[in-house]
Amino acid sequence: MSTALSEQEILRRESLQQLRALGINPYPAEEYKVTAFAQDITDNFNRFPDHYKKVTLAGRIMTRRIMGSASFAELQDSTGRMQIYLKRDDICPGEDKTLYNTVFKKLMDIGDYVGVKGFVFLTQTGEISVHVQELTLLSKSLKPLPVVKREEDGQIHDAFTDPELRYRMRYVDLTVNPEYKQIFLKRSKVISSMREYFNKQGWMEVETPILQPVHGGAAARPFNTHHNTLDMPLYLRIANELYLKRLIVAGFDGVYEFGKMFRNEGMDRTHNPEFTSMEIYVAYKDYNWMMAMVEECLEIVARTVTGIPVVPVGANEINFAGPYEKLSMYDSILKYTGIDVSGMDEAGLRETCKELGIEVNDTMGKGKLVDEIFSAKVEHNLIQPTYITDYPIEMTPLAKKHRSKPGLVERFELFVNGKEIANAYSELNDAIDQRERLEEQLVLAGRGDDEAMAMDDDFLRALEYGMPPTSGLGIGIDRLVMLMTNQSTIQEVLFFPQMRPEKKAKTVTADDFIHIGVPADWVPVLNKMGINTLEDLKATNPNKLYNDLGGMRKKLKLDIAMPSKELVMAWFA
RNA sequence: GAUUCCGUAGCUCAGCUGGUAGAGCAUAACACUUUUAAUGUUGGGGUCCUGGGUUCGAAUCCCAGCGGGAUCACCA
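Heads up, the final residue of the first sequence is numbered 906 in the numbering used here, and it's a clean run with no missing numbers.
As structure tokens, this is what we get:
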């Protein structure tokens, strides 16, 4: 980020001064009463032309076509774009034509927020437009927006597409690429429709700690932080499962939470360090009940977002109407590899992995090995919503042992389009069993599995007081939204995905340079040479700098006094 | 982490086998009363990502770094 302003930014700042000189406040404080929106006018003007004889809109100027004393411009509000027609003698009825000739034509720019009052009409070419009778500047924009041109046939020119810039400056992205707003509108609908469904069942939305003294409930590396007053380490939660179960112990029948989880792991197109999960726990239910609930819920979500239960995702059409296919973990491996792993011990599994060409290491336990086979051979085949059920006990320390199949737990994961989007158990409520299972995790941790779960004594104490039979479910909201909006990267469904820090955001004022003795005239020259901070200056060779200043003076044809060599050396003192 | 592609004007991008840096849009000036990627004429605007190397000469070739994309791997 350079301290030097571009020519266009300087011009806009000058326009700002001229507006003030004309007595126009570029940033007025008053409420501007909007009575109409672009989308509504576009949709309804032809049927109800009488409703639009007096409208007030507000938004950004996105294009301008000036033709002498008449102009067209496009105003973009939160709902869309509306062409506006400005005629000099209409917005300037008196002798003074400054508002049109100077303010609109010269001092306003693309990106400025304006308000217009007028009436809706049809132009000769048949476009619904607003004939402006009153024009008000609402906010001056100081940086030029990338100009994206769109033709009638949908062709887009000069699109603002660089993902880095789009994600870093989402405000610019959504201004010039408003079609991406749809993703976030749908995201909002996914969450609100789920919330509405849960509330209708009588379940309660709750909030649980994000700062946790023990990071339990999942297997992942946490972010560490520290509380000063208590002088203790805290972790950003990797899951909220154990807190929600405490609330079931407390006597609530159904609790759910939408919230951010934080995992200090890799980033790619399906992982962001912070992500949104929805977890729900319902007392007296089991995982079979939960499967039916998920089917009902996701069908409602899909209908809310797209109108029908079928959602296009890549080359596939995903049908969220239940019931979904159910396949046990072992059966799914049998189905897609022809190998029955159900009776194998750890050594047998390790051998099988080798035969299938799957890399393993010594830290992997039985559960992990099964998971590796599943991930490599089965997962990508599960396109339509499919429940994978009955996982090996070693993988799942918080789920109840299977009612009839030894060695397994009552767990399912829902796979859609080859990816896991939900995970659910009949929750383990046997406090003694739970303690043993967590102790086994400690053994795995001792073997070097840095994802093994930590012991949480308070949670165990809660279970000892008694938790009713309960089924719990977690859904990755970001990945669900990716499905519902047909996006292949998580960054597209997050307003502000995590990015590397922007390079060289440091700014410094000219005063800092002047303070160490640089003549004011020479500061812009230093900036031009890429020296924007005192650190930059100190990092250069003084002799080289002295020579370069002379070179720049010549190159830029500057008519300013060359600083003496002693003076330049003094800057480095 | 691996492979690969990319980094040039405010934006989108050209720039061949090395030889003074280009277009469209945006921007500035003028003209123009229903245009719509408005149009016409005329201007201004560049650390060619950074640092080395090869060369008489590098945006271009080589090396390293930084940043980004894609694919794969890892990651419940």
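In this text, a Cβ means the ideal position worked out from N, Cα and C, and glycines have one as well.
- DSSP places P359 outside both helix and strand once states are collapsed to three, so it counts as coil.
- Contact between the segment 485–501 and the segment 432–444 is absent: fewer than three C-beta pairs spanning the two stretches fall below 8 angstroms.
- K476 sits in coil when the DSSP states are folded into three classes, being neither helix nor strand.
- Within the segment 772–825, the beta strand (DSSP E) runs of at least 3 residues that lie entirely inside it are, in chain order, 803–809.
- Counting of Cβ neighbours within 10 angstroms places H548 among the buried residues, the total reaching 16 or more.
- Comparing C-alpha distances from K366 to each of D791, K387, D376 and I374 shows the shortest one belongs to K387.
- Apart from the 5 residues on each side of it in sequence, R353 sits with its Cβ closer than 8 angstroms to the Cβ of P359 in its chain, given in chain order.
- For K659, there is no enclosing alpha helix (DSSP H); the enclosing beta strand (DSSP E) covers residues E658 to S661.
- Judged by pairs of C-beta atoms under 8 angstroms, the segment 654–667 touches the segment 718–725, as three or more such pairs exist.
- Collapsing the DSSP output to three states places N652 in a strand.
- With distances taken between CA atoms, D376 lies nearest to T412 out of T412, I343 and E342.
- With contact defined as three or more Cβ pairs closer than 8 angstroms, the segment 550–563 and the segment 521–534 are not in contact.
- Shown here, H548 sits in coil according to DSSP, grouped into three states, outside any helix or strand.
- Within the same chain, Cβ atoms closer than 6 angstroms to the Cβ of T670 are found at K710, the five residues on either side in sequence being excluded.
- Taking C-alpha positions only, Y500 is separated from Q416 by approximately 29 angstroms.
- As the crow flies, the alpha-carbon of T494 is around 28 angstroms from that of K593.
- Annotation for R736: no beta strand (DSSP E) segment contains it, and DSSP assigns it neither H nor E.
- Nearest Cα to V463 within the set A551, M400, V505 and A369: A369.
- Ranked by Cα distance from M400, the options V703, R421 and V465 are led by R421.
- Per the C-alpha coordinates, the member of P426, R579 and T458 positioned closest to L793 is R579.
- Taking C-alpha positions only, T508 is separated from T469 by approximately 20 angstroms.
- For R579, the secondary structure class from DSSP, reduced to helix, strand or coil, is helix.
- The C-beta distance from L475 to R345 rounds to 5 angstroms, short enough to fall under 8 angstroms.
- With respect to the C-alpha of A654, the residue from P477, K668, G700 and T637 having the closest C-alpha is T637.
- Relative to the Cα of R744, the nearest Cα in the group T389, M677 and S804 belongs to S804.
- When G550, V615 and A757 are compared, the shortest CA-CA separation from D791 is found for G550.
- A check of alpha carbon separations from F608 across M626, D704 and P830 identifies P830 as the nearest.
- Counting only residues of its own chain and dropping the five nearest sequence neighbours on each side, Q824 has a CB closer than 8 angstroms to the CB of P496, Y500, R602, N605 and P830.
- The alpha-carbon separation between L796 and D763 amounts to approximately 7 angstroms.
- Apart from the 5 residues on each side of it in sequence, D789 sits with its Cβ closer than 7 angstroms to the Cβ of V547, G549 and L575 in its chain, given in chain order.
- The count of Cβ pairs closer than 8 angstroms, one atom from the segment 614–622 and one from the segment 752–767, reaches three, so the stretches are in contact.
- For a cut-off of 8 angstroms, the C-beta gap from P479 to Y617 is around 56 angstroms, too long to register as a contact.
- The secondary-structure analysis by DSSP pairs H464 across a beta bridge with Y418 and F452.
- Put simply, the segment 564–572 does not touch the segment 517–526. Fewer than three CB pairs are less than 8 angstroms apart.
- Under the 10 Å beta carbon count, A391 is surrounded by 16 or more other beta carbons and is classified as buried.
- Per DSSP, the beta bridge partners of F745 are T722 and A757.
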